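First the structure, in the form of structure tokens, and then the observations on it.
Residue numbers (my numbering): 53 to 144.
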């Protein structure tokens with residue numbers, strides 16, 4: 053297996069997390085605001101197609117709010133704007 057976040061290839065199917073970057077496996081990767089998975093959000097579906105990757109890979113590699121507020125979560129653009137465009141870590 054390969055970690056989708058750091059590309060560590062020394063992962064066993066029984067591992068609960070990546071020993072290199074700490075990514076927890078099996079946890080839902082969802083938007084903090086709308087609770088949708090990247091596969092359900094059009095902006096990530098389209099961006100992923102343009103970059104020849106999956107929506108999950110796109111969020112893990114390109115989304116600036118990923119892990120910035122809550123572990124394994126992110127803000128989609130619509131929810132980020134509704135939340136007042138907070139800085140990472142919730143600092144205003």
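Every residue gets a Cβ at the ideal spot worked out from N, C-alpha and C, and that includes glycine. Remember, predicted model here, so these are calculated numbers, not experimental data.
Opening and closing residue of the alpha helix (DSSP H) in which residue i lies
i, result
"residue 145", "Since the first residue shown for the chain is 53 and the last is 144, residue 145 is missing from the structure and cannot be characterised."
"residue 111", "107–114"
"residue 96", "94–102"
Buried versus exposed call for residue i [16 or more other C-beta atoms within 10 Å across all chains shown]
i, result
"residue 80", "exposed"
"residue 225", "A question about residue 225 goes unanswered here, because the residues of the chain that appear run from 53 up to 144."
"residue 94", "exposed"
"residue 117", "buried"
"residue 128", "buried"
"residue 61", "exposed"
Between the CA atoms of residue j and residue i - distance to the nearest angstrom
i, j, result
"residue 119", "residue 75", "10 Å"
"residue 135", "residue 99", "22 Å"
"residue 97", "residue 139", "24 Å"
"residue 73", "residue 110", "17 Å"
"residue 55", "residue 124", "13 Å"
Residue(s) in a DSSP beta bridge with residue i
i, result
"residue 61", "Per DSSP, none; premise fails for residue 61."
"residue 82", "125"
CB contact below 8 Å: residue i versus chain C
i, result
"residue 111", "In summary, chain C is missing from the structure at hand, where a single protein chain is found."
Any non-hydrogen atom of the ligand NAD within 7 Å of residue i CB
i, result
"residue 66", "Within the structure as shown, the ligand NAD is missing, as the structure has no ligands at all."
**Message:** Quick test of the definition: if touching needs 3 or more C-beta pairs under 8 Å, does the stretch 59–70 touch the stretch 99–110?
**Reply:** no
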